[in-house]
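Novice: Order-wise, the sequence lines are chains W and S.
Quick note: to get our numbering, add 46 to the position in the first sequence (first position is 1).
Quick note: to get our numbering, add 46 to the position in the second sequence (first position is 1).
Yeah, the Cβ is synthetic: ideal placement off N, Cα and C, and Gly gets one too.
There are 2 protein chains.
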Amino acid sequence: MKKFLDDADTFLEQSLRGFALAHADLVQLHLNPTFVSRRALKPAGRVAVISGGGSGHEPLHIGYVGPGMLDAACPGQVFTSPTPDQMLAAAQAVDAGSGVLFIVKNYSGDTMNFQMASDMLSIEHLTVLVDDDVAVENSTHTSGRRGVAGTVVVEKIVGAAAEAGADLADCKRLGDRANARTASMGVAFSSCTVPAAGVPTFEIGAGEIEMGVGIHGEPGRRRELIKPASAIVDELLDAVLSDLRPAPGQPLLMLVNGLGGTPLMELYLLQQLAARRLERHGLRMARTRVGNLTTSLEMAGASLTLTMLDEELCSLWDAPARTAAFSA
Amino acid sequence: MKKFLDDADTFLEQSLRGFALAHADLVQLHLNPTFVSRRALKPAGRVAVISGGGSGHEPLHIGYVGPGMLDAACPGQVFTSPTPDQMLAAAQAVDAGSGVLFIVKNYSGDTMNFQMASDMLSIEHLTVLVDDDVAVENSTHTSGRRGVAGTVVVEKIVGAAAEAGADLADCKRLGDRANARTASMGVAFSSCTVPAAGVPTFEIGAGEIEMGVGIHGEPGRRRELIKPASAIVDELLDAVLSDLRPAPGQPLLMLVNGLGGTPLMELYLLQQLAARRLERHGLRMARTRVGNLTTSLEMAGASLTLTMLDEELCSLWDAPARTAAFSA
């Protein structure tokens with residue numbers, strides 16, 4: 047294992063300290079229990095939006111804490127769910143009197159722990175479950191579909207609504223709608239290595255790719271030989287489109303997401319290929335973001351996400367945001 | 047070679063098309079000759095700032111085109127200098143009547159081609175050469191020190207000055223000063239693969255690191271066994287500090303730069319370790335940026351850059367900028 051690492055046991059805390067130092071104008075780090083909150087809390091009367099999950103997917107979620115997106119994020123150990131005490135402490139810290147919306151990726155550990163927090167929390171709250179990955183039903187750590195890069199879309203849209211004064215029920219409705227209109231699929235060229243494990247999560251041959259991979263290296267649809275980028279893009283997009291079934295002319299938001307180890311040049315190549323493919327389907331890429339938005343440590347690979355925008359979702363996507371990893 | 051790639055011959059153009067599509071609000075792509083310019087040109091009477099170099103270091107330079115930073119960038123093929131016709135066309139396109147400042151990283155191909163463009167260009171112009179890499183004197187493609195991530199600092203500072211109306215001589219003076227007060231050193235854990243070559247640029251053992259690596263995989267100071275992150279940080283920082291020799295209390299800008307294949311969690315760990323090390327030296331990290339700022343395709347590794355700020359440089363660093371990869 048080649049990593050910048052002193053000690054796997056202190057890795058997360060040291061990394062979070064560095065994050066908080068680098069973005070001291072935006073965020074505040076709390077330890078025992080661990081969460082990251084906005085430095086400037088929301089005015090009273092606004093819904094607080096909280097997410098969380100295993101670390102190793104940065105900038106998700108800590109990089110999306112700030113005005114226009116999340117109020118707090120609860121990072122677990124690498125690829126491990128945060129614990130209910132983190133979510134409770136975060137909720138108590140950022141609640142502005144109008145309730146808390148939890149955004150949870152659909153993994154068994156996350157849903158269980160957020161449910162436990164939910165059961166103990168006296169503040170009014172609701173949960174949006176994100177399950178945008180169309181690759182497989184059920185998986186190593188999931189019943190039902192997995193939550194992947196579409197989480198960024200949900201966090202942006204709900205965050206913007208909460209900032210604008212939407213009430214808790216409305217934030218929940220918008221989050222559910224954004225999730226229902228969002229689908230993703232990814233592909234891996236390499237595995238990643240969890241520091242505490244010290245060995246790659248899975249083995250993959252020199253010429254092989256994992257089509258439909260999960261963001262922890264969970265198996266996808268199949269292992270196959272590498273093929274041209276345009277063939278990969280066609281397969282990913284067609285899987286996403288056959289799930290969403292957008293009408294011709296439907297304005298789409300597209301995320302071209304790097305899983306961590308893929309150069310920006312290749313992500314922009316995917317952007318170009320995917321945009322052309324959408325055009326050939328008579329569809330319109332109305333908005334787009336390219337970059338490492340939801341990663342799997344140093345995994346080489348990428349995912350494509352589409353969201354079927356409508357006027358409301360689009361204006362929430364466009365609303366101002368200022369976080370470590372997302373400016374609008 | 048596992049890359050998102052259809053054809054190495056069209057890779058750069060397709061990638062640039064994707065970049066231009068993703069950032070259509072900010073930039074415009076020109077082909078034959080190839081350069082990227084701001085969508086909204088500067089008002090007349092301002093100096094135009096142009097950079098360029100081999101591709102594969104994204105977001106450098108195209109990601110820094112926009113208000114507050116560059117007016118245009120000239121991307122060469124991967125790790126290959128752009129040609130003089132690109133620089134000439136870019137200069138003619140973005141000149142706003144007050145001359146052009148070229149920012150050039152110190153590599154033989156780049157300096158030669160920018161010099162040729164300079165000889166042919168009738169518009170008033172000056173050049174700032176960036177050579178911030180303290181690892182080695184002279185190298186595979188360089189006489190003197192190499193230009194690496196410190197280029198981002200020079201582009202930001204000169205870009206801000208030009209935006210604010212500084213004249214050509216003043217832009218040159220500030221660029222030279224920023225460069226003289228900036229030093230960097232990097233370390234690689236893995237090689238990278240140039241698409242047209244198809245094989246890794248260099249071989250490196252499972253437990254080895256290249257201390258002082260160049261951004262094209264040029265040899266550094268030595269090959270050694272991997273060591274704890276804090277020992278790596280100490281060595282990188284001490285090399286940089288012994289070059290700059292800042293006085294106690296000197297405010298510093300620090301870049302923690304990922305070379306492409308290193309996860310954000312590790313970069314934030316480096317940030318924390320480096321900030322602590324500076325403190326122990328009685329130095330102050332006044333500003334910082336963490337992320338993939340100047341990359342070497344998918345190389346795993348990182349570099350540290352320090353700039354000795356003064357009031358003028360600090361206010362130019364803080365000035366507003368809006369580009370694909372840098373917001374302030």
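For S/Val-199, I'd like the list of residues in its chain whose CB is within less than 6 Å of its CB, leaving aside the five on either flank, ordered along the chain.
Specialist: Same-chain partners within the cutoff: Ala-224, Thr-228, Thr-353.
Novice: Quick one, which of W/Thr-239, W/Thr-247, W/Tyr-314 has its alpha-carbon nearest W/Leu-301's?
Specialist: For W/Leu-301, the nearest C-alpha among the options comes from W/Tyr-314.
Novice: Can you grab the Cα-Cα spacing for the pair S/Gly-145 / S/Glu-209, in whole Å?
Specialist: Computed Cα separation, rounded: 13 Å.
Novice: Can you give me the C-alpha to C-alpha distance between S/Ile-250 and S/Leu-175, rounded to a whole angstrom?
Specialist: If I take the Cα positions, the gap works out to 31 Å.
Novice: Give the C-beta separation of W/Ala-119 and W/Val-140 to the nearest angstrom, bearing in mind that I take them to be a contact with Cβ-Cβ under 8 Å.
Specialist: Their Cβ separation, rounded to whole angstroms, is 10 Å, which puts W/Ala-119 and W/Val-140 out of contact at 8 Å.
Novice: So, does the CB of W/Glu-312 fall closer than 8 Å to a CB anywhere in chain S?
Specialist: Yes - at least one Cβ of chain S is within 8 Å of the one on W/Glu-312.
Novice: Whether or not the segment 166-186 of chain S and the segment 334-348 of chain S are in contact is what I'm after, with contact meaning three or more pairs of Cβ atoms, one per stretch, closer than 8 Å; do they touch?
Specialist: No, the segment 334-348 of chain S is not in contact with the segment 166-186 of chain S.
Novice: Which stretch, first to last residue, makes up the alpha helix (DSSP H) that contains W/Arg-219?
Specialist: Its alpha helix (DSSP H) spans residues 214-226.
Novice: For the beta strand (DSSP E) holding S/Val-302, just list the boundary residues, first then last.
Specialist: Note, S/Val-302: beta strand (DSSP E), 297-304.
Novice: Would W/Ala-348 and W/Val-233 qualify as a contact pair, given that the criterion is a beta-carbon distance under 8 Å?
Specialist: Yes; because the gap between Cβ atoms is below 8 Å, this pair is in contact.
Novice: Please list the partners that W/Ser-101 has in chain S, where partner means a Cβ-to-Cβ separation under 8 Å.
Specialist: Residues of chain S passing the Cβ test: Met-311.
Novice: Mind reading off the beta-carbon distance from S/Pro-128 to S/Gly-98? Whole number of angstroms is fine, and I expect it under 8 Å.
Specialist: With a Cβ gap of about 5 Å, S/Pro-128 and S/Gly-98 count as contacting.
Novice: So, with DSSP's three-state summary, where would you put S/Arg-333?
Specialist: Note: S/Arg-333 maps to strand in three-state DSSP.
Novice: Taking 8 Å as the limit between beta carbons, can you name the residues of its chain near W/Val-279, skipping five residues before and five after?
Specialist: Leu-316, Leu-319, Ala-320, Arg-323, Leu-350.
Novice: Can the beta-carbon of S/Gly-102 be found closer than 8 Å to that of W/Met-331?
Specialist: Cβ atoms of S/Gly-102 and W/Met-331: not closer than 8 Å.
Novice: So the candidates are W/Ala-226, W/Pro-79, W/Phe-160; which of them puts its Cα closest to the Cα of W/Ile-96?
Specialist: The option with the nearest alpha carbon to W/Ile-96 is W/Phe-160.
Novice: Bridge partners of S/Pro-121, per DSSP?
Specialist: Bridge partners of S/Pro-121: S/Gly-99.
Novice: Could you check if S/Leu-77 is buried or exposed, using at least 16 other CB atoms within 10 Å of its CB as the buried criterion?
Specialist: Counting Cβ neighbours within 10 Å, S/Leu-77 comes out exposed, since fewer than 16 surround it.
Novice: What residues are listed by DSSP as bridge partners for W/Leu-359?
Specialist: None; W/Leu-359 has no bridge partner.
Novice: Quick one: list the residues of chain S neighbouring W/Phe-81, beta-carbon separation under 8 Å, in chain order.
Specialist: Neighbours of W/Phe-81 on chain S: none; closest Cβ ~16 Å, over 8 Å.
Novice: Counting only C-beta atoms, is W/Arg-191 closer than 8 Å to chain S at any point?
Specialist: No, no contact with chain S.
Novice: Taking C-alpha atoms, which residue in W/Ala-285, W/Ser-164, W/Lys-202 lies nearest to W/Met-133?
Specialist: The shortest Cα separation from W/Met-133 among W/Ala-285, W/Ser-164, W/Lys-202 belongs to W/Ser-164.
Novice: Tell me whether the beta-carbon of S/Ile-203 lies closer than 8 Å to the beta-carbon of S/Trp-363.
Specialist: A contact, by the Cβ cut-off of 8 Å.
Novice: Can you name the start and end residues of the alpha helix (DSSP H) that S/Val-286 belongs to?
Specialist: Residues 275-290.
Novice: Are the C-beta of W/Ala-135 and some C-beta of chain S separated by less than 8 Å?
Specialist: Chain S, which has no Cβ nearer than 8 Å to the Cβ of W/Ala-135, makes this no.
Novice: Classify S/Ser-83: buried if its beta carbon has 16 or more other beta carbons within 10 angstroms, exposed otherwise.
Specialist: By the neighbour-count rule (16 or more Cβ atoms within 10 Å), S/Ser-83 is buried.
Novice: Would you decide whether W/Ser-61 is buried or exposed? Buried here means 16 or more other CB atoms lie within 10 Å of its CB.
Specialist: Looking at its Cβ environment, which holds 16 or more other Cβ atoms inside 10 Å, W/Ser-61 is buried.
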